[in-house]
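In terms of numbering that gives the first Met the number 0, the sequence shown has 133 at position 134, counting the first letter as 1, and numbering is strictly consecutive. Inspection log for the structure reproduced underneath, given as structure tokens.
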Amino acid sequence: MAFLEGRSPKPAGDAILFESLTGSANVNKGVVSNRDLQLITSLILAKGEGTSNLATSTLDYTLSLALARGGEDKKRVFVPITIKGPYADLKYGLNLKKIAKEQLQEEAEKRIDKELEKVVPKDLGAPLQEGLKGLLGR
């Protein structure tokens, strides 16, 4: 949270209370897979997915974080952080490919909306536009 706000972290010992922590896991031959982690606190929202290999003690996980304040999920900017490696020496990084993909998808959706507005007569309104969006896989 401190990183996202550009400030120094709180001193050790300050508690962060979870409002909700949910997720499911599948275990197959010592590999734990999770695709639906959700964490909600008063400060941050987190979504996670990845695997943990219990036999080799390694993790390959992406945790996407956003500020909890204001807006709905679609309007929030989630920052995907990768966590990989052996448990004793985890490496952290930004998933730049995922960030770029999300930005390109958002830009494409805006352009499609603009083009639909040019093609669809205004008197036909939203129902036809929504139907056309459905045809385009949106």
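Every residue, glycine too, gets a C-beta built ideally from N, C-alpha and C.
- Judged by DSSP secondary structure, Ile-111 falls outside any beta strand (DSSP E) and instead within the alpha helix (DSSP H) spanning 95-118.
- Counted as a single uninterrupted DSSP element, the beta strand (DSSP E) harbouring Ala-65 occupies residues 57-66.
- In the three-state reduction of the DSSP assignment, Ala-54 falls in the coil class.
- By the CB criterion at 9 Å, Asn-52 and Val-30 fall inside the cutoff.
- Leaving aside the five residues that flank Ile-82 on each side, the residues in its chain whose CB is nearer than 7 Å to its CB run, in chain order, Leu-58, Tyr-60, Leu-62, Leu-89, Tyr-91.
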